[in-house]
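Q: The structure that follows is given in the form of structure tokens.
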Amino acid sequence: MKMDRWRASARRILKLSSRPNPAPRFTRDHSNPVRYGIVSSGLLHCSGGSCGGIRCYLGHKQSLSDHLQARAFALGASLIQIRCFGSIATKIQRNPKFATINSDDIRYFRDLLGEKNVKQDEDALLAANMDWMRKYKGSSKLLLLPRSTEEVSQILKYCNSRCLGVVPQGGNTGLVGGSVPVFDEVIVNLGSMNKVISFDEVSGILVSEAGCILESLVNFLDNKGFIMPLDLGAKGSCQIGGNVSTNAGGLRLLRYGSLHANVLGLEAVLANGDVLDMLGTLRKDNTGYDLKHLFIGSEGSLGIVTKVSILTPPKLSSVNVAFLACTDYLSCQKLFLEARRKLGEVLSAFEFLDEQAMDLALNHLEGVRNPLPTALHKFYVLIETTGSDEQSDKEKLEAFLVHSLEGGLISDGVVAQDIQQASSVWNIREGLPEALMKAGAVYKYDLSIPVEKIYDIVEEMRNKLGHSARVVAYGHLGDGNLHLNISCPQYDDAVLAQIEPFVYEWTSKNRGSISAEHGLGLMKAEKIFYSKSPAAVQLMASVKNLLDPNHILNPYKVLPQSLSFP
Ligand code: FAD
Ligand code: MLT
Ligand code: ZN
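Taking UniProt numbering, the leading residue of the sequence shown gets 1, the next gets one more, and so forth.
Spelled out as structure tokens, the structure:
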């Protein structure tokens, strides 16, 4: 009877799907193939309006140089919204200790790596110098593509001896300006180190090179009946080494925890070229300090991660996705508590977006339609459950939905009945970064805030900015992670002055973090004190000095410049 009422109230409610039918080689943008056991060919929309619909193949079958060229072409198609970092870079002083590349250096790298892995051509450099948002732009003259740990080691040993700055680069999808040079640092991209080394089907432990694209690992594991413990919208381009180096969170952290929990070991090359083998595959190992954690989330500032060992969970057979509307933020918050109580162990994602975010998705994402089309609702919540008992999972979700509807926590909702519906709902959520890029300029803030306060900052920001900019909110509500985005037609220092330092001060005052999952990069290197004590930052600087005394690794990032060049 309760179920009837749910159906009657929300007429669009669809029959709960059990396991959506896997369609072999099904391909779509921003797919979540692992959820449904689909093999994807790795197509990803190249971000931003500037691509003009160009699709870049970013899968592992394409060579890096092809990829970089495709990206360069896409980027070159329009530079209208590009905010080159020049003006701000001038405020950062180039470390005077750094040498500049000369012809002897080029000769050395060509001998070491072979000519085709030493890139100096304009197209390749244009793509590698520019970040995904086209907001940060360096002027490196050299892109290196090592194929082995030994080559990475020789590169760093040489750069250290010559005092050449180095930027480790993965898929270049980072959102804080960490993956591109600030000045003329040498770019070392790990994309050619993309082999799976081993997979243990009993323990689920995967060992791979750092340059493996996340989505290719997803596809590899899918065939074995396992999944990656992390999932994010950039999966078609980001690399596992980049994920580990940023301690990426994403859409599954709620269920499987952070990479600090799932990475069992790694291999890293230090600034002086020493190879640190910590590639353990043990669940438990309490022998001394667990040094791998220093490299997880250190954003390429302490070493280059070359191999990773990671614990992967088994793929479960029953996946359900619900897309729900709430009238206010308090209801979203209560719904989350309810979901934890009623869905318990099957809850695998709890994402939210507000009306502005939905509007942006509908207006800027190709092929997206509103699953609850009568009107725009104030808030939307995407809930995913993943379990092994189809019948019981279904009943649990239904009971939860009915209860929430009766309790007034949700005002409308749909449950995907097949993979296409589930995918189109996920497309809305995962497409938001791209929709923002298409809408123009965006100031992005990635905040950890106690769940009950998450929407307070959004409202305060709206009051502050009035009509001068659009405030768009979404994020991983289940993890207390708000993505606060301020969208304007173009970058405008007057708008920026209203946002900062307010956003950082507010977050600090409310005991949040100014970087929940994206890292500090260049964008927030000087802001670290909003979230960390002076003593902690000083200790970080000591660690940096110990591991990279010449500060060649990812200079100007993560730590304040005053500490980087004492
Ligand atoms: P890059 O962008 O190339 O580099 C990121 C940082 O890591 C840089 O500081 C770089 O120097 C360093 N680095 C890269 N590889 C190595 C290496 N092998 N060794 C040492 N340092 C290295 N992030 C999230 O946390 N959650 C999300 O849900 C999420 N969604 C996203 C969705 C979209 C559409 C986009 C564009 C980005 C998203 N991101 C998200 C941000 C980004 O994808 C992640 O930070 C990702 O982990 C970066 O991986 P990458 O390989 O692209 O690294
Ligand atoms: C996301 O959750 O979509 C990503 O972290 C990217 C973003 O914040 O826009
Ligand atoms: Zn995120």
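Just so it is clear, CB atoms sit at the ideal spot from N, CA and C, and this is done for glycine as well. Computed from a predicted structure; not experimentally measured.
Following a CB-centred definition, is G178 positioned closer than 6 Å to any heavy atom of the ligand FAD?
A: The sequence position of residue 178 within the sequence shown is 178, counting from 1. G178 Cβ: within cutoff of the ligand FAD.
Q: Apply the 10 Å Cβ neighbour rule to S515 and answer buried if 16 or more other Cβ atoms are within range, or exposed otherwise.
A: Your numbering for residue 515 matches position 515 in the sequence shown. Under this definition S515 is a buried residue.
Q: What number of angstroms, rounded off, separates the C-alpha of L376 from the C-alpha of L362?
A: Translated into positions along the sequence shown, residue 376 becomes position 376. Translated into positions along the sequence shown, residue 362 becomes position 362. In this structure, the CA atom of L376 is about 10 Å from the CA atom of L362.
Q: Please report the Cβ distance between V414 and P371, rounded to the nearest whole angstrom; I am assuming they are in contact, meaning their Cβ atoms lie under 8 Å.
A: For the purposes of this step, residue 414 is taken as the residue at position 414 of the sequence shown. For the purposes of this step, residue 371 is taken as the residue at position 371 of the sequence shown. The pair is a contact, with the Cβ atoms about 5 Å apart (cut-off 8 Å).
Q: Does DSSP put R147 in a helix, in a strand, or in coil?
A: Position 147 of the sequence shown, counted from the first residue, corresponds to residue 147. If DSSP states are grouped into helix, strand and coil, R147 belongs with coil.
Q: Would you report the Cα separation of V275 and E150, rounded to the nearest angstrom?
A: As a working mapping, residue 275 is identified with position 275 in the sequence shown. As a working mapping, residue 150 is identified with position 150 in the sequence shown. Going by C-alpha positions, V275 is about 8 Å away from E150.
Q: Hey, which residues come within less than 7 Å of the ligand ZN, measuring from Cβ to any heavy atom, in chain order?
A: L232, G249, G250, D446, G475, H476, N481, H483 and E517
Q: Return yes when at least one heavy atom of the ligand FAD lies under 6 Å from the C-beta of I449, else no.
A: By 1-based counting over the sequence shown, the position of residue 449 is 449. Outside the cutoff, so no.
Q: A422 lies in the alpha helix (DSSP H); which residues open and close that run?
A: As a first step, residue 422 is located in the sequence shown; it is residue number 422 there, counting from the start. I419 to E430 is the span of the alpha helix (DSSP H), which, as asked, contains A422.
Q: Is the CB-CB distance between V472 and N481 below 7 Å?
A: Locating residue 472 in the sequence shown gives position 472, where the first residue counts as 1. Locating residue 481 in the sequence shown gives position 481, where the first residue counts as 1. In this structure, V472 sits away from N481, with a CB-CB distance that is not shorter than 7 Å.
Q: Is the closest heavy atom of the ligand FAD to the C-beta of A234 under 6 Å?
A: To locate residue 234, count along the sequence shown from 1; it is residue 234. A234: yes, Cβ under 6 Å from the ligand FAD.
Q: Determine the closest residue to C332 out of D354, L365 and K141, with distance taken between C-alpha atoms.
A: The sequence position of residue 332 within the sequence shown is 332, counting from 1. C332 has its Cα closest to that of D354, out of D354, L365 and K141.
Q: Here's a check: name, in chain order, each residue in its chain whose Cβ is nearer than 8 Å to the Cβ of V543, leaving out the five neighbours to either side.
A: For this step, residue 543 is matched to residue 543 along the sequence shown. Hits under 8 Å: L294 and L302.
Q: Can you have a look at A535 and say buried or exposed, based on whether 16 or more other CB atoms are within 10 angstroms of its CB?
A: As a working note, residue 535 is residue 535 in the sequence shown. Exposed, because fewer than 16 other Cβ atoms sit within 10 Å of the Cβ of A535.
Q: Got a sec: does the ligand FAD put a non-hydrogen atom nearer than 6 Å to the Cβ of Q561?
A: Counting from 1 along the sequence shown, the entry for residue 561 is found at position 561. Because no heavy atom of the ligand FAD lies under 6 Å away, the Cβ of Q561 does not count as near it: no.
Q: Run through DSSP, which three-state label would I499 get?
A: Taking the first residue of the sequence shown as position 1, residue 499 is located at position 499. DSSP places I499 in helix when its eight states are reduced to three.
Q: Would a check of beta-carbon distances place G138 closer than 7 Å to chain C?
A: The chain labelled as chain C is not found in the depicted structure, where only one protein chain is given.
Q: From V458 to L397, what distance separates their C-alpha atoms?
A: For the purposes of this step, residue 458 is taken as residue 458 along the sequence shown, with counting starting at 1. For the purposes of this step, residue 397 is taken as residue 397 along the sequence shown, with counting starting at 1. Between V458 and L397, the C-alpha separation is close to 30 Å.
Q: Between E299 and the ligand FAD, is the CB less than 6 Å from at least one heavy atom?
A: Along the sequence shown, read from residue 1 onward, the residue named residue 299 stands at position 299. E299 Cβ: within cutoff of the ligand FAD.
Q: For the beta strand (DSSP E) that contains M523, what are its first and last residues?
A: The sequence position of residue 523 within the sequence shown is 523, counting from 1. No beta strand (DSSP E) holds M523; DSSP gives it neither H nor E.
Q: Going by CA-CA distance only, name the one from D111, L143 and G114 that's closest to L126.
A: Taking the sequence shown and counting its residues from 1, the one referred to as residue 126 is at position 126. Selected option, being the one with the closest Cα: L143.
Q: Would you say the beta carbon of C212 is closer than 6 Å to some non-hydrogen atom of the ligand FAD?
A: Taking the first residue of the sequence shown as 1, we reach residue 212 at position 212. Flag unset: Cβ of C212 not near the ligand FAD.
Q: Let me check understanding here. Comparing Cα to Cα, which of A325, L409, C212 and G211 lies closest to K378?
A: As a first step, residue 378 must be located in the sequence shown, where it is residue number 378. Here the closest residue by C-alpha is A325.
Q: Might you give, ordered along the chain, the residues of its own chain that have their beta carbon closer than 7 Å to the beta carbon of V269, omitting 5 neighbours on each side?
A: Taking the first residue of the sequence shown as 1, we reach residue 269 at position 269. These residues qualify, in order along the chain: T149, V152, S153, L156, V275, G303, I304 and T306.
Q: Give me the Cα-Cα distance between A435 and D231, rounded to the nearest whole angstrom.
A: Working through the sequence shown from its first residue, we reach residue 435 at position 435. Working through the sequence shown from its first residue, we reach residue 231 at position 231. Here the alpha carbons of D231 and A435 stand approximately 19 Å from one another.
Q: On the CB-based measure, 16 or more other CB atoms within 10 Å of its CB, does A525 come out buried or exposed?
A: Here residue 525 is taken as the residue at index 525 of the sequence shown, counted from 1. That one is buried.
Q: Based on the DSSP output, what are the partners of L276 in its beta bridges?
A: To locate residue 276, count along the sequence shown from 1; it is residue 276. Paired residue(s): A268.
Q: Output the distance between the C-alpha atoms of V321 and V167, rounded to the nearest integer angstrom.
A: Against the sequence shown, residue 321 aligns to sequence position 321. Against the sequence shown, residue 167 aligns to sequence position 167. Rounded to the nearest angstrom, the two C-alpha atoms are 39 Å apart.
Q: For N554, which residues from the same chain have a beta carbon less than 6 Å from its beta carbon, with the 5 sequence-adjacent residues on both sides left out?
A: Indexing the sequence shown from 1 puts residue 554 at position 554. Cβ neighbours of N554 beyond the five flanking positions: V167, G300 and S301.
Q: Answer yes if the segment 438 to 452 comes into contact with the segment 506 to 520, meaning at least three C-beta pairs across the two stretches below 8 Å, and no otherwise.
A: yes
Q: What does the alpha-carbon distance come out to for the pair H467 and G191?
A: Numbered from its first residue, the sequence shown carries residue 467 at position 467. Numbered from its first residue, the sequence shown carries residue 191 at position 191. Between H467 and G191, the C-alpha separation is close to 43 Å.
Q: Could you check where the alpha helix (DSSP H) with R470 kicks off and where it finishes?
A: Taking the first residue of the sequence shown as position 1, residue 470 is located at position 470. Not the alpha helix (DSSP H): R470 falls in the beta strand (DSSP E), residues R470 to H476.
Q: For Q356, count neighbouring Cβ atoms within 10 angstroms of its own Cβ and tell me buried if that reaches 16, exposed if not.
A: If you number the sequence shown from 1, residue 356 lands on position 356. So Q356 ends up on the buried side.
Q: Only counting the same chain, and skipping five residues up and downstream in sequence, which positions put a Cβ closer than 7 Å to that of I552?
A: Your numbering for residue 552 matches position 552 in the sequence shown. Only C159, N160, C163, L164, G165, V166 and A271 meet the Cβ criterion.
Q: Counting pairs of beta carbons, one from the segment 284 to 298 and one from the segment 194 to 203, are three or more of them closer than 8 Å?
A: no
Q: Nearest CA to the CA of N189: which residue from F220, I240, V263 and D222?
A: Translated into the one-based positions of the sequence shown, residue 189 becomes position 189. That would be I240, whose Cα lies nearest to the Cα of N189.
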